[in-house]
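Structure record follows, encoded as structure tokens.
In this note's numbering, the protein residues as written are 17 to 475.
Have a look at this one:
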């Protein structure tokens, strides 16, 4: 991958010990691999410097540290290992003249990233030719580490960028220097950290600051902030997508038995395909991915093939067999007000009895109680009749859904086990249960207790 001497010059480090080659970069002392450059990061409750000597013993080629008194060699010594990691990733990225797509948004960004990856795999002829963010490694640590996995065999790179405060995406986009940058939407996720939806739109808009001069901005024409994002890209090429307003990429669709038959319109013409995913919001996600593909010159045929081959993502509207013949929809990956409403819309379209099981949403600041109550009211307006909640804030969902807490169709529980005990007797054929909550709520615990495969039933 790189010689220590080269890396030292790139990040303005002092090299202690003999020059050597490292073949990968990592920060986790529990997973040090042979030939790795181990980066010692220091946080509030941890210090990677404590494991520098251990990393060398485990086969690391060298350590990147900010403490010059450590006796572990070879070592690259810098003032700030976080900054050095970013500088090394920036230097490495510059070696690759390939299209790099940056993706952000309040909701759907991981799904869109995976959709783009699926389309580009069709274009390239191999999934191995696509470099992409794994999971949600989309922050100031995960993105540089992801970039440092770029190799000569990659034809495209697709990077997810997350944020919890203003300036974070600006930092990431200047490291990645995308050739195509997409904002899927600006919702209310992280409103507690940035203070307002306007600030969320501003924070997401930072992604365009790192866009190359000949780069392409991909913008959701249906979003209230589309006009603002367009002003940030004056003089640049823009590709728009949407379902409500005039856009370069649009679609009509018909939902059928857990999938959608999509009629896609792009500047290249029209094409039909089947999207094997639930939810109108996933049509929007597919449009975002298609618009990125159009920005890259991908054919309609490759777009359709990529999206038709695209399947479910773990914890995102996954259909699972439930106890006693019920259907469980696992949407436990994460939650914010917009994705909660999208999930409610999905559940509302199912026939038979519908049960909504929700956990708290995080990072909503002073608006948390009101936004939870709003979800309850939204569920009621959607025609749902049963809401079961877990978590301190989700009691507000129950209040928003029912006139009072005595309503047997709307109940709040102190533990996941108590909630499951109330839901289990209701489960039968024709019953659909959707489970969702923010990551910290670990609502997958509920899914595990009400799905057939986890409880010994066979289907």
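A virtual CB, placed ideally from N, CA and C, is assigned to each residue, including glycine. Keep in mind that this is a model prediction, so the values were computed, not measured.
- Three or more C-beta pairs closer than 8 Å, one from the region 344-354 and one from the region 323-336: is that the case here? Because the criterion of three Cβ pairs below 8 Å is met, the region 344-354 and the region 323-336 touch.
- Could you give the DSSP three-state label for residue 236: helix, strand or coil? Strand.
- Task: Just the C-alpha distance for residue 395 and residue 322, rounded to the nearest angstrom, thanks.
- Result: In a straight line, the C-alpha of residue 395 is about 33 Å away from that of residue 322.
- Message: Checking the sheet assignment: what are the DSSP bridge partners for residue 285?
- Response: Looking at the DSSP assignment, residue 285 forms a beta bridge with 282.
- Would you list the residues sitting across from residue 52 in a DSSP beta bridge? Bridge partners of residue 52: 40.
- Message: Only counting the same chain, and skipping five residues up and downstream in sequence, which positions put a Cβ closer than 7 Å to that of residue 78?
- Response: Cβ neighbours of residue 78 beyond the five flanking positions: 20, 36, 38, 53, 90, 91 and 92.
- When 117, 132, 61 and 62 are compared against residue 327, the one with the closest alpha-carbon: Minimum Cα distance to residue 327 is reached at 132.
- Message: Alpha carbons only, please: which of 154, 264 and 163 is nearest the one belonging to residue 126?
- Response: In terms of CA proximity to residue 126, 154 leads the group 154, 264 and 163.
- Are the region 364-380 and the region 182-196 touching, with three or more C-beta to C-beta distances below 8 Å? In this structure the region 364-380 does not touch the region 182-196; the number of beta carbon pairs closer than 8 Å is below three.
- Nearest candidate by alpha-carbon position, reference residue 179, set 189, 172, 116 and 171: Out of 189, 172, 116 and 171, 189 has the C-alpha closest to the C-alpha of residue 179.
- Task: Would you identify the three-state DSSP class for residue 455, choosing helix, strand or coil?
- Result: In this structure, DSSP gives residue 455 a helical state, which the three-state scheme calls helix.
- Compute the beta-carbon to beta-carbon distance between residue 275 and residue 292, rounded to the nearest angstrom, for a pair I have assumed lies under 8 Å. Contact flag correct, Cβ pair sits at about 5 Å.
- Query: When burial is assigned at 16 or more other CB atoms within 10 Å of the CB, is residue 150 buried or exposed?
  - Reply: With fewer than 16 other Cβ atoms from the protein chains shown falling within 10 Å of its own Cβ, residue 150 counts as exposed.
- Query: Helix, strand or coil for residue 450 per DSSP?
  - Reply: Three-state result, residue 450: strand.
- Item | Local Cβ density within 10 Å of residue 445, reported as buried at 16 or more and exposed below that | Burial call: exposed.
- Item | Ordered list of beta strand (DSSP E) runs contained in the region 102-172, each at least 3 residues | DSSP runs (the beta strand (DSSP E)) wholly in the region 102-172: 116-120 and 146-148.
- Can you tell me the Cβ-Cβ gap for residue 304 and residue 447, rounded? I've got them flagged as a contact below 8 Å. Contact doesn't hold; Cβ gap of about 33 Å is too wide.
- What's the gap between the Cα of residue 143 and the Cα of residue 61? Residue 143 and residue 61 have their C-alpha atoms some 38 Å from each other.
- Item | Rounded straight-line distance, which links the Cα of residue 204 to that of residue 421 | Confidence at residue 421 is low in this model, with a pLDDT of 49, below 50, so its placement is unreliable and no value can be given for it.
- Task: Compute the beta-carbon to beta-carbon distance between residue 102 and residue 160, rounded to the nearest angstrom, for a pair I have assumed lies under 8 Å.
- Result: The Cβ separation is near 5 Å, so the contact holds.
- Under a Cβ-count criterion, where at least 16 other Cβ atoms within 10 Å of its own Cβ denotes burial, should residue 228 be classed as buried or exposed? With fewer than 16 other Cβ atoms within 10 Å, it is exposed.
- Message: Just to confirm, is the Cβ distance from residue 207 to residue 443 under 8 Å?
- Response: The answer is no: Cβ separation not under 8 Å.
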